[in-house]
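S.K.: Dumping the structure here so I can ask a few things about it.
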């Protein structure tokens with residue numbers, strides 16, 4: 001029984017990935033490229049140490065984004081607004097970090113607290129509107145995304161610009177070294193060779209890992225996490241057993257927003273040390289994809305984030321070698337998402353049917369372990 | 001009064017007249033800083049900007065009337081822009097529209113297969129479509145547009161539009177080779193208070209009206225007719241209101257939902273193709289700019305009614321057009337918002353809602369003070385007016401909105 005469960009759980013993502021590879025290969029063949037060349041090229045470039053470092057750097061924000069989305073998903077709450085929440089949070093946190101002068105660790109903590117508060121507060125609007133006015137969170141978060149991005153443009157342009165900046169690149173002042181997050185190169189290099197090409201493994205990865213562990217512990221070891229899961233599985237049963245649905249919605253949105261606030265920090269604290277126009281956007285939407293592929297499970301999301309991160313960091317080689325356009329990887333990612341959600345649904349149905357069948361056989365052929373055989 | 005109640009058309013015309021009068025008054029107050037608040041050019045631009053939003057909105061209505069939430073509209077519009085531009089480049093603008101519609105319909109088909117066929121959550125599938133569609137467009141651009149002159153991975157070469165139409169007599173269009181007089185422009189040039197303004201709006205609508213806009217506008221009565229006046233439409237709506245009941249009466253619910261979602265994608269694709277072919281004359285990455293989401297907003301805003309979606313899209317198109325043409329006009333718009341708030345306050349007062357009236361008066365005072373104290377509105381504000389208005393409508397008018405009862409719910413035949 002449990003072996004079948006595990007096999008089914010693994011079958012879905014594996015099938016989805018295989019299907020996506022197959023479909024992308026067909027697309028490549030349709031445009032006259034040999035898919036095998038492209039995939040081998042990506043594999044050989046993608047297994048170098050520098051690409052792994054890049055993979056880690058890309059996976060870290062994706063992981064946080066996936067967790068932020070998954071917190072909502074676990075109770076059927078769709079926080080589509082992660083995108084707006086994290087960009088706004090990154091801008092304000094970077095500005096706050098540059099404005100103050102604090103001892104090293106405190107400084108970083110302050111920046112993180114600001115980011116989490118901003119993300120949380122912005123997500124909280126959607127949660128509040130849902131419980132107080134019945135506004136569906138999908139619509140409100142989509143609308144608030146646009147509002148957040150407009151606010152970012154306005155704030156950066158009019159109030160938060162670096163006054164001493166002579167270039168025309170719009171950016172906030174630099175965060176002093178005490179507020180920067182150290183990188184992990186020396187840690188990695190003790191096990192491997194030296195990391196070249198100026199690549200640095202962002203230390204924020206550890207924070208992301210901690211968030212993942214906390215998420216797991218929260219869901220499985222706390223009352224609030226239990227309420228959240230119960231509401232997601234059956235809101236009526238949860239309410240009947242004493243869960244306050246309104247409070248759970250608001251709490252979940254606040255939590256999701258808090259994690260969303262952290263998404264931009266690996267880049268801000270680890271590399272740019274400021275918010276500028278080059279800041280990576282769109283992670284909120286990719287985060288949704290990562291959460292979907294990872295089935296909202298902290299472990300699954302990690303695998304999905306690493307997969308997406310690896311695909312992103314090994315794709316550029318395709319342009320260099322010229323075997324295939326690197327955009328094929330975006331198609332691959334898009335297909336993976338769709339294939340994965342369909343595969344999970346199918347597996348779910350197979351499981352339900354199998355369980356119903358097992359129950360039926362158990363009813364028909366009562367064994368000595370059941371009470372029925374005694375009576 | 002009796003006539004007023006009986007004729008919907010008359011009521012709408014009176015409402016439109018009211019809007020024009022208010023705009024006209026605001027225009028007089030805001031002279032000479034801006035002359036664009038109500039003009040032929042603004043009316044024309046409003047319509048052009050409203051059409052893609054309208055089409056997305058209609059698409060949303062088709063899907064949601066059948067009970068399938070379609071937040072993949074955005075992605076389907078992206079497919080529409082790419083396929084529209086490619087078709088226009090390859091076979092000419094008319095075929096471009098057709099191929100754009102097909103591209104959007106393919107996106108709809110994907111959404112239908114996932115949600116109706118496999119029973120995937122509607123939001124999840126929509127998000128997946130929104131992720132996949134831009135990736136496809138980018139890949140295809142790299143393969144197809146990059147090798148052409150003027151094209152690249154994010155952009156297509158320029159494409160022709162389907163052409164415009166001037167109505168004879170009203171806007172000086174040709175009739176059997178005879179150049180008719182341009183009556184509306186004559187009125188506009190007279191600069192008569194109000195009359196010239198009405199003429200300007202009408203002239204803006206009838207003057208160089210894109211054939212594609214005309215088709216889009218005829219899709220409104222067509223959708224109303226199909227969805228509310230035919231057995232087929234009844235079946236679609238029944239699938240969105242109570243699929244189990246519909247199934248028990250012999251309606252093939254899966255089929256209805258499938259058709260509705262594919263039509264939804266086709267309409268969104270038309271909207272995308274319109275952006276690429278008529279509005280900008282080029283495919284450019286990211287040019288949809290969330291219009292699919294705004295279209296979704298007009299669905300709610302318009303209470304799942306096509307005419308409501310038209311109103312929503314005109315409002316958003318107007319904000320868009322003003323900001324494009326004249327930034328100072330946007331500032332004058334604050335005056336309009338202030339006036340609207342005063343009107344709402346009066347209405348609340350007449351209905352005896354004193355606290356709401358007080359809040360509205362305060363809000364209108366704040367907006368009018370904002371108008372008086374500043375010279376220009378921050379450029380970031382106008383593009384997000386649709387989003388803010390939608391939020392406000394949702395917050396204050398939820399009780400008056402009624403969506404299809406089974407909207408967004410997973411339906412499996414034989415399961416309650």
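Protein chains in written order, with our numbering: chain A, 1 to 375; chain B, 1 to 416. Heads up, the beta-carbon is just placed ideally off N, CA and C, and yes, glycines get one too.
Is there at least one Cβ from chain A nearer than 7 Å to residue 205 of chain B's Cβ?
M.R.: Closer than 7 Å: no.
S.K.: Check the Cβ-Cβ distances between residue 390 of chain B and every residue of chain A, and say whether any is below 7 Å.
M.R.: Yes, contact with chain A.
S.K.: Please report whether the beta-carbon of residue 311 of chain A lies at a distance below 7 Å from any beta-carbon of chain B.
M.R.: Not an interface residue.
S.K.: With 7 Å set as the bound, which would you pick, yes or no: does the beta-carbon of residue 142 of chain A sit closer than that to a beta-carbon of chain B?
M.R.: Answer yes: the Cβ-Cβ gap between residue 142 of chain A and chain B drops below 7 Å somewhere.
S.K.: In the DSSP assignment, find the unbroken alpha helix (DSSP H) run with residue 99 of chain B in it and report its ends.
M.R.: Segment 93-112, the alpha helix (DSSP H) holding residue 99 of chain B.
S.K.: If you measure between the beta carbons of residue 160 of chain A and residue 170 of chain A, is that distance less than 7 Å?
M.R.: No, the pair does not count as a contact, with Cβ atoms beyond the cut-off.
S.K.: According to DSSP, what are the bridge partners of residue 319 of chain A?
M.R.: DSSP, once it has assigned bridges, lists no residue as partnering residue 319 of chain A.
S.K.: Measure the CB-CB distance between residue 56 of chain B and residue 295 of chain B and report whether it falls below 7 Å.
M.R.: The answer is yes: Cβ separation under 7 Å.
S.K.: Report the neighbours of residue 404 of chain B on chain A: residues whose CB is nearer than 8 Å to its CB, in chain order.
M.R.: Chain A residues near residue 404 of chain B: none, gap ~14 Å exceeds 8 Å.
S.K.: For the segment 138-164 of chain A, enumerate the residues whose C-beta is nearer than 7 Å to any C-beta of chain B, in chain order.
M.R.: Flagged, chain order: 138, 139, 140, 142, 143, 146, 147, 150, 153, 154.
S.K.: Would you tell me roughly how many angstroms separate the C-alpha atoms of residue 374 of chain A and residue 357 of chain A, rounded to the nearest one?
M.R.: With a pLDDT of 43 at residue 374 of chain A, under the threshold of 50, the modelled position of that residue is not reliable, and the figure given next carries that caveat. One C-alpha to the other measures close to 23 Å.
S.K.: Hey, does residue 241 of chain B have any beta-carbon neighbour from chain A nearer than 7 Å?
M.R.: Not one chain A Cβ lies under 7 Å of residue 241 of chain B.
S.K.: So residue 330 of chain A contacts chain C; which residues on that side make the cut at Cβ distance below 7 Å?
M.R.: Absent from the structure is chain C; the protein chains it does hold are A and B.
S.K.: Using DSSP bridges, identify the partner residues of residue 296 of chain A.
M.R.: In the DSSP output, where bridge partners are listed per residue, residue 296 of chain A has none listed.
S.K.: Grouping DSSP H, G and I as helix and E and B as strand, with all else coil, what is residue 159 of chain A?
M.R.: Three-state result, residue 159 of chain A: coil.
S.K.: Alpha carbons only, please: which of A:307, A:285, A:116 is nearest the one belonging to residue 51 of chain A?
M.R.: Nearest of A:307, A:285, A:116 to residue 51 of chain A, Cα basis: A:307.
S.K.: Does residue 173 of chain A come out as helix, strand or coil in the three-state DSSP assignment?
M.R.: Coil.
S.K.: What does residue 202 of chain A pair with, by DSSP beta-bridge criteria?
M.R.: In DSSP, residue 202 of chain A forms a bridge with A:183.
S.K.: In chain B, which residues lie less than 8 Å from residue 288 of chain A when you measure between Cβ atoms?
M.R.: Near residue 288 of chain A (Cβ distances below 8 Å), the residues of chain B are 127, 131.
S.K.: Return the residues of the segment 113-135 of chain A that lie within a Cβ-Cβ distance of less than 7 Å from chain B, sorted by chain order.
M.R.: The residues in question are 129, 133, 134, 135.
S.K.: Which residues, in chain order, does the segment 297-329 of chain B contribute to contact with chain A at a C-beta distance below 8 Å?
M.R.: From the segment 297-329 of chain B, only 297, 300 have a Cβ closer than 8 Å to chain A.
S.K.: Report the three-state DSSP secondary structure of residue 210 of chain B (helix, strand or coil).
M.R.: Three-state result, residue 210 of chain B: strand.
S.K.: Is residue 83 of chain B close to chain A? Criterion is C-beta to C-beta, closer than 7 Å.
M.R.: Answer no: the Cβ-Cβ gap between residue 83 of chain B and chain A never drops below 7 Å.
S.K.: On the three-state DSSP scale, how would you describe residue 155 of chain B?
M.R.: Of the three classes helix, strand and coil, the one that applies to residue 155 of chain B here is strand, per DSSP.
S.K.: Across which residues does DSSP place residue 164 of chain B in a beta bridge pair?
M.R.: Note: residue 164 of chain B sits in a beta bridge opposite B:210.
S.K.: Taking 7 Å as the threshold (C-beta atoms), are residue 294 of chain A and residue 66 of chain A in contact?
M.R.: Contact: yes.
S.K.: Determine, using beta carbons only, whether residue 143 of chain B comes closer than 7 Å to chain A.
M.R.: Cβ-Cβ to chain A under 7 Å: yes for residue 143 of chain B.
S.K.: Cβ of residue 293 of chain B less than 7 Å from any chain A Cβ?
M.R.: Output row for residue 293 of chain B: interface = yes.
S.K.: Show which residues of chain B have a CB atom less than 7 Å away from the CB atom of residue 342 of chain A.
M.R.: 114, 118, 120, listed in chain order.
S.K.: State buried or exposed for residue 48 of chain B, treating a residue as buried only when at least 16 other CB atoms are found within 10 Å of its CB.
M.R.: Buried, since its Cβ has 16 or more Cβ neighbours within 10 Å.
S.K.: Does the pairing of the segment 155-165 of chain B with the segment 80-95 of chain B give three or more beta-carbon distances under 8 Å?
M.R.: Result yes; three or more Cβ-Cβ pairs closer than 8 Å.
S.K.: Hey, is the segment 170-183 of chain A in contact with the segment 12-23 of chain A, meaning 3+ C-beta pairs nearer than 8 Å?
M.R.: No contact exists between the segment 170-183 of chain A and the segment 12-23 of chain A.
S.K.: Show which residues of chain A have a CB atom less than 8 Å away from the CB atom of residue 418 of chain B.
M.R.: Nothing about residue 418 of chain B can be reported from this structure: the residues present for chain B run from 1 to 416 only.
S.K.: Looking at C-alpha atoms only, which residue of B:347, B:358, B:402, B:334 is the closest neighbour of residue 373 of chain B?
M.R.: Of the candidates B:347, B:358, B:402, B:334, the one whose C-alpha sits nearest the C-alpha of residue 373 of chain B is B:334.
S.K.: Please go through the same chain and pick out, in chain order, the residues whose beta-carbon is closer than 7 Å to the beta-carbon of residue 235 of chain A, but skip the five residues on each side of it.
M.R.: Here the set comprises 245.
S.K.: Give a yes or no on whether 7 Å exceeds the smallest Cβ distance from residue 266 of chain A to chain B.
M.R.: False, the Cβ-Cβ gap to chain B never drops below 7 Å.
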